[in-house]
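Below: the structure, in structure tokens.
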Amino acid sequence: MGLGLSPLSHTGGIALPLALIVLLLLSTLSLALLSMSAVEPMISRNLADGEQARFTAEAGVEWAFDTLRSTLDWNTFLAGGDPSRGAVLSADSPIPGDTAGRGTFTVTVRNDSMPGDALLTGMAVDAGGPTRDTNGQLIVTSVGSVRAARRAVQAVVRRIALPPVPAALAFPGEEAPVTVTGGFEIDGNDRTPDGLGGACAPVFGISVSSTLPLSRPGANEEAVERALGDRASSSVRGKAQDPSTPGTGANAIAPDGALTPAHLRSFVRAAGQAGVNLALGEPGGFSVSDVGAACASSWSSAACWGTGARPKVVYAKGSADAGAAVSRLEISGNMEAHGILIVEDAEVRITGNFRWHGLIVLTGGRVALEFAGGGDQTVYGAVLFDATPAGTGSGARFLTGAAKVRYSCEGLDEARRARKLMTLRSWREVAQ
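So for the sequence shown, this note's numbering puts the first residue at 128; every next one is plus one.
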């Protein structure tokens, strides 16, 4: 009769293998947890570095935008650049005010001259090739680097071009309404704001349209000369219509087709509504005084109309409704401003000390510019005055008063540097 043994009598040696298996499982789990605790910070840091690299790349685009704004000739950057990758604008630069340890950006710029660029820019490919910008548009690529992370951002930078400036005072439309009320000076010879002669070639003192109907050829030129009378000989200077005689008086007043009303309308559409905007529809008009005084404390103030380092675009829009009261902008006190003043469908009356560095554009059916005296009133740049035929019955006119309009390349260059003439578009992240 055999011995009756319970099944449990054979399990005495299982405890140790089970313990080893459990220990192995716990060790594996512990190692996995330890590995995850070491990897997760690395993942988190890589994500943070990637985001910081993106922000750094965006800062590079903003830096390039400001650099291009302050530089008038973009071809200086394109010269010698790689045809496909462009020219290096800045290499391994930290964000201004920060340290390189927190990230750097490398910025390249190229002309929009490659096949397919039209899909990015929305404009025809620039025919100037890789080294010559002809349409005021460049493609900027910024690569941000933070440790091992790299991110690249690309954008299109565009500058709105100023309209052609053929004269210190230009009347490109069908009307050239001039009324003389006092002494004046209109000088098409390049002048700097300190009164010295500039390096640019002279333009006409006054230019008028060269495309009047056949029934009125030369009408505007004759009307301006008749309005200025004998005073034109000593008060109007510039490029000579007849090079064989001095460029003074009637010889500095000439038709010119470089500037047209279409140029001004296109410019107003593109640049208007930028910067300081003034609505002139209120009864009694809109008055400003001592413009420019606020710039020292607050450049962004509506009372600051630009400085030499940071010019502005000021757009004043009146009412085009012939049945409504004429819109009016009154400027008084002591004023010095830099940039572009655009006035549409409104009259402007200036008293006190007034000095404008840049471009003044007046356009529309109910426009007038009156320098009413009371101080030194000088424009260093140019005045472009397009009085449309519909507005002449409403008193559209240029009243010279005792003003001085002096053509100035330096003043116009300041206007071209206005930040609101620049735009960024097609902003996107691209692969390395």
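Think of the CB as a built atom: it goes at the ideal place given N, C-alpha and C, for glycine as much as any other residue.
Three-way DSSP call (helix, strand, coil) for Q559 in this model = Assignment of Q559 by DSSP, reduced to helix, strand and coil, places it in the coil class.
Do the CB positions of T338 and G384 come within less than 8 Å of each other?
-> By the CB criterion at 8 Å, T338 and G384 fall inside the cutoff.
Beta-carbon contacts of V532 that lie in its chain and below 6 Å, excluding the five residues immediately before and after | Around V532: A295, L296, I313, V506 and V510.
Are the stretch 241-255 and the stretch 150-157 touching, with three or more C-beta to C-beta distances below 8 Å?
-> By the Cβ criterion, the stretch 241-255 is not in contact with the stretch 150-157, since fewer than three pairs of Cβ atoms, one from each stretch, lie closer than 8 Å.
With distances taken between CB atoms, is the gap from L539 to L496 smaller than 8 Å?
-> The answer is no: Cβ separation not under 8 Å.
So which of A452, M549, A443 and D219 has the shortest CA-CA distance to V475?
-> Measuring from the Cα of V475, the nearest candidate turns out to be A443.
Could you tell me how far apart the beta carbons of W432 and G419 are, in whole angstroms, since I believe they sit closer than 8 Å?
-> The beta carbons of W432 and G419 sit about 6 Å from each other, so the pair counts as a contact at 8 Å.
Secondary structure of S521, DSSP reduced to three states | Its pLDDT being 48, under 50, S521 is placed unreliably in this model, and the value from its coordinates should be taken loosely. Note: S521 maps to helix in three-state DSSP.
At what residues does the beta strand (DSSP E) containing E301 begin and finish?
-> Element bounds for E301: n/a, residue is neither H nor E.
Would you decide whether P257 is buried or exposed? Buried here means 16 or more other CB atoms lie within 10 Å of its CB.
-> Counting the other Cβ atoms within 10 Å of the Cβ of P257 gives 16 or more, which makes it buried.
From R552 to F192, what distance separates their C-alpha atoms?
-> If I take the Cα positions, the gap works out to 11 Å.
In the DSSP assignment, what are the bridge partners of F232?
-> Partner residues in the beta bridge of F232, as assigned by DSSP, are S220 and G271.
W483: buried (16+ other C-beta within 10 angstroms of its C-beta) or exposed?
-> Classification for W483: buried.
Using 10 angstroms around the beta-carbon of E556, count the other beta-carbons present and answer buried if the total reaches 16, otherwise exposed.
-> So E556 counts as exposed.
Among all the DSSP beta bridges, which residues are the ones paired with E474?
-> DSSP, once it has assigned bridges, lists R455 and A495 as partnering E474.
Between P388 and G300, is the Cβ-Cβ spacing less than 8 Å?
-> Against a cut-off of 8 Å, the Cβ pair of G300 and P388 comes out as a contact.
What are the boundary residues of the beta strand (DSSP E) that D314 is part of?
-> Segment E312 to D314, the beta strand (DSSP E) holding D314.
Which listed residue (V188, K547 and N238) has its alpha carbon closest to that of Q400 | Selected option, being the one with the closest Cα: K547.
Under a three-way DSSP split, which group does K531 fall into?
-> Strand, per DSSP.
From G310 to G374, what distance separates their C-alpha atoms?
-> So the alpha carbons of these two residues sit roughly 19 Å apart.
Taking just the CA atoms, how far does D417 sit from T478?
-> The C-alpha of D417 is placed about 11 Å away from the C-alpha of T478.
To the nearest whole angstrom, what separates the beta carbons of V330 and G365, a pair I think is in contact under 8 Å?
-> Indeed they touch by this definition, with Cβ atoms about 6 Å apart.
Report the rounded CA-to-CA distance for D317 versus R274, giving the unit in angstroms.
-> Whole-angstrom Cα-Cα distance: 52 Å.
DSSP three-state assignment for P144, whether helix, strand or coil | In the structure shown, P144 falls within a helical segment according to DSSP collapsed to helix, strand and coil.
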